[in-house]
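Undergrad: Questions regarding the structure given below will be posed in turn.
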Amino acid sequence: MNESWWSWDHAAAVLPMLLEGFFKYTLVATVLGTLIAVVLGLIVAMTRRVAPGFISTPVTWVVEFIRMTPLVVQLVFANLVLSPYIDSTLAIGIWVLGIHYTTYMAEVYRAGIDSVPKGQWEAATALSLPLLRTWRAVVIPQAIRSTLPALGNYAISMFKETPFLVVIYIPEMVRVAQTYGGDTFRYTESITLAGLIFLVASYPTSVLIRRLEKRLA
Amino acid sequence: MDGVIGFFEQLGPNIEILGARMPQILEGVQVTVLAAAFGGLLALVISFVFGIAQTVKLGAVRIIARIFVEFFRGTSLVVQLFWLAFVLPQLPYPFGWQLAPLAIGVLALGLNYGAYGAEVVRGSIGSVPKGQYEALSALSLSPVRGMFRVIIPQAWALMIPSLSNLWIQLLKGSAIVSTVLLYDLYFRVEQVRDQTGTWFAFLFALVAYYLVAWVIVIIMNALEVRAKHKIGRGPALSDSLGTLLRPPGGKNVARGAMV
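In the order they appear, the protein sequences are chains A and B. According to our numbering, the first sequence is numbered sequentially starting from 1. According to our numbering, the second sequence is numbered sequentially starting from 1001.
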């Protein structure tokens, strides 16, 4: 075994494949998953706030259940159940990611909505604004401001959890790295580079969000 | 034999199948609980060591701790798991260790969530009121003694809800360990799926994880009540058994705390 432990040839060979997996799957899943979580999270938070008990209580239970059970199991479950009806495994993966993080985002929005002063609601009533307009023009704009840093944090968190998609065989970056290692019997370059790409992408983003957090605080 | 209707039609026979396979499933439960318990313990130790290290006066210690935390937070759990399982054995002497699957799982979970926990510990120490630090100098307590007798007991009460969330995250993250040949609860349930159908097997798995998560919630709620009581900010545990069943989440989830 005279082979050196690190081979730049292997690193150069695998890097383009990793980047392809990164842009085509990892990043796409993160962006679309976040979008789903941002929209559904708001809907869930509003439902829990305005719907009568017989709707909001079961919604709360389901949300807590999804939040307290593993994403991996949810991914495999959804894939097995839905694959006869939905062709794209990636779509299933993105929806599961999005719905899992919806349960976090709903909590973020709830805190945001709670932080809107009671006087604002009273003022809306005094002006006899319709309910929908109260939400759209008064509550949500104020609530959303305080939710931005947490939203960013969950987007980063989801980014780092996209490798869980390996369990449904989506060729995102880490799956590409693992496959390359299996094919060539050299895992060192591919897995290490995958980790470094995560670090390079997530660290500056998290610094930015921390700065945003300080500015909004 | 599958689908929602199949789930109810086959409920009786499926429970029997599950009963017959119980030994293997319990082995899986044991592996998951072990990984979550030892992983959680390692994460707790790492959280405290690197959380406190970020608050010391010596700049070099702070910087090293900071790099450690950012590195393990930033590189993703699955990558760390694969690195320990596939890359570490290929490294030259004195490395090249082929670790046991359980050790790989515990190490990866402990390092990753420990790095998140270090941020929680650092933040909680930082949010102990300034007056408490001033009181330390007024009473001329040594910095180390003050840290362990005054600051940490108060910070501990503050950090438990976040650590509770992190521990649940760790339990959930542990479901990935079968990719490095550690046969946990998820893996064992996946094995019975052929016989029981998807719905039954996976609903069972989800409920099982949910129950384990609730054990964590109850332990952490108990610790929180005790910690608050000890610093004189709440009733004794025996007087507030109701709070043990308080669901997790709330403020910490809303802040994006485990990120």
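For every residue, glycine included, the Cβ atom is placed at its ideal position computed from N, Cα and C. These numbers come from a predicted model, not from an experiment.
Listing by chain order, which chain B residues have their CB less than 7 Å from the CB of MET218(A)?
TA: Since the first and last residues shown for chain A are 1 and 217, residue 218(A) lies out of range.
Undergrad: Closer than 8 Å is the cut-off here; do at least three beta carbon pairs connect the stretch 1117-1124 of chain B with the stretch 1215-1223 of chain B?
TA: No, because fewer than three Cβ pairs between the stretch 1117-1124 of chain B and the stretch 1215-1223 of chain B fall closer than 8 Å, the two stretches do not touch.
Undergrad: Any beta-carbon of chain B closer than 7 Å to the one on TRP6(A)?
TA: So no, TRP6(A) is outside the interface.
Undergrad: Within the 7 Å Cβ cut-off, does SER1076(B) reach chain A?
TA: By this cut-off, SER1076(B) is an interface position.
Undergrad: With a threshold of 7 Å on Cβ separation, who are the neighbours of ALA194(A) within its own chain once the five nearest residues in sequence on each side are excluded?
TA: Only LEU18, MET173, VAL174, ALA177 meet the Cβ criterion.
Undergrad: Under the rule that 16 or more other beta-carbon atoms within 10 Å means buried, what is PHE1148(B), buried or exposed?
TA: Looking at its Cβ environment, which holds fewer than 16 other Cβ atoms inside 10 Å, PHE1148(B) is exposed.
Undergrad: Determine which residues of the stretch 189-210 of chain A have a Cβ less than 7 Å from any Cβ of chain B, and write them out in chain order.
TA: If the cut-off is 7 Å between Cβ atoms, the stretch 189-210 of chain A has ILE191, THR192, ALA194, GLY195, PHE198, LEU199, SER202, TYR203 near chain B.
Undergrad: Would you say the stretch 158-168 of chain A touches the stretch 131-148 of chain A, given that touching needs at least three Cβ pairs under 8 Å?
TA: The stretch 158-168 of chain A, when compared against the stretch 131-148 of chain A, does not touch it at the 8 Å Cβ threshold.
Undergrad: Looking at the C-beta of THR1243(B), does it have a partner C-beta in chain A at a distance below 7 Å?
TA: Not one chain A Cβ lies under 7 Å of THR1243(B).
Undergrad: If you drop the 5 nearest sequence neighbours on each side, which residues of the same chain put their C-beta closer than 8 Å to that of GLY1028(B)?
TA: The answer, listed in chain order, is TYR1183, ASP1184, LEU1185, TYR1186, PHE1187, ARG1188, VAL1189.
Undergrad: Output, in sequence order along the chain, the residues in the stretch 1126-1154 of chain B whose CB is closer than 9 Å to any CB in chain A.
TA: Those residues of the stretch 1126-1154 of chain B that come within reach of chain A (Cβ to Cβ, closer than 9 Å) do not exist; the list is empty.
Undergrad: Are there three or more Cβ pairs, one per stretch, closer than 8 Å when the stretch 187-204 of chain A is compared with the stretch 50-69 of chain A?
TA: Not touching, per the Cβ criterion.
Undergrad: Going by the CB atoms, is the gap between TYR101(A) and TYR154(A) shorter than 7 Å?
TA: Closer than 7 Å, so yes.
Undergrad: With distances taken from CA atoms, which of VAL38(A), PHE198(A), PHE22(A) is nearest GLN1080(B)?
TA: The option with the nearest alpha carbon to GLN1080(B) is PHE198(A).
Undergrad: Taking the straight line between their C-alpha atoms, what separation do you get for PRO1092(B) and GLN1030(B)?
TA: Looking at the two C-alpha atoms, the distance is approximately 34 Å.
Undergrad: Pick helix, strand or coil for GLU1070(B), following the three-state DSSP scheme.
TA: GLU1070(B) falls in the helix class under three-state DSSP.
Undergrad: Look up THR1055(B) in the DSSP assignment and say whether it is helix, strand or coil.
TA: In this structure, THR1055(B) counts as coil in the three-state DSSP scheme.
Undergrad: Give a yes or no on whether the C-beta atoms belonging to MET158(A) and THR69(A) are separated by under 7 Å.
TA: Going by C-beta atoms, MET158(A) is not nearer than 7 Å to THR69(A).
Undergrad: To the nearest angstrom, how far is the alpha carbon of PHE65(A) from that of GLY41(A)?
TA: Each residue's Cα considered, the two are about 15 Å apart.
Undergrad: Comparing alpha-carbon positions, which option in LEU1163(B), ALA1208(B), VAL1144(B) lies nearest GLY1110(B)?
TA: When each option's Cα is compared against that of GLY1110(B), the closest is LEU1163(B).
Undergrad: Taking the C-alpha atoms as reference points, what is the distance between VAL44(A) and ARG1073(B)?
TA: Straight-line Cα distance between these residues: approximately 29 Å.
Undergrad: Nearest CA to the CA of LYS225(A): which residue from ALA143(A), PRO130(A), LEU80(A), ALA106(A)?
TA: The question about residue 225(A) has no answer, for chain A in this structure spans 1 to 217.
Undergrad: At least one CB of chain B closer than 7 Å to the CB of PRO163(A): is that the case?
TA: Taking Cβ atoms only, chain B reaches closer than 7 Å to PRO163(A), which makes this a yes.
Undergrad: Closer than 7 Å, CB to CB, is GLU213(A) near chain B or not?
TA: GLU213(A) does not count as touching chain B.
Undergrad: Mind pulling the chain B residues with CB within less than 8 Å of LEU71(A)?
TA: Correct list: LYS1172, ALA1175.
Undergrad: Going by DSSP, what residue range makes up the alpha helix (DSSP H) through GLN178(A)?
TA: Taken as a continuous stretch (DSSP letters only), the alpha helix (DSSP H) holding GLN178(A) covers 173-184.
Undergrad: Does the Cβ of ILE43(A) lie closer than 6 Å to at least one heavy atom of the ligand PLP?
TA: This structure does not include the ligand PLP; it has no bound ligands of any sort.
Undergrad: Does DSSP classify ALA194(A) as helix, strand or coil?
TA: Reduced to three states, the DSSP call for ALA194(A) is helix.
Undergrad: Using a C-beta to C-beta distance shorter than 8 Å, which residues of chain B count as neighbours of GLN142(A)?
TA: The premise fails here: GLN142(A) is roughly 15 Å from chain B at the closest Cβ pair, so nothing lies under 8 Å.
Undergrad: Sort ALA201(A), TRP6(A), TYR169(A), LEU212(A) by Cα distance to ARG145(A) and report the nearest one.
TA: Looking at the Cα atoms, LEU212(A) is the closest of the given residues.
Undergrad: Tell me the rounded alpha-carbon separation between VAL14(A) and ALA1020(B).
TA: About 46 Å.
Undergrad: Identify the contact partners of LEU1206(B) in chain A, using a Cβ-Cβ distance below 7 Å as the criterion.
TA: The contacting residues are THR69, VAL73.
Undergrad: Quick check: the Cα distance between LEU1211(B) and PRO16(A), rounded to an integer number of angstroms?
TA: Cα to Cα, the separation comes out at about 43 Å.
Undergrad: At 8 Å on the CB atoms, spell out the chain A contacts of PHE1086(B), in chain order.
TA: Correct list: GLN178, GLY181, TYR187, ILE191.
Undergrad: Is the distance from the Cβ of PHE1038(B) to the Cβ of PHE1050(B) below 7 Å?
TA: No. Outside cutoff.
Undergrad: Compare the C-beta of VAL1079(B) against all C-beta atoms of chain A and say whether one is closer than 7 Å.
TA: Yes, its Cβ sits closer than 7 Å to a Cβ of chain A.
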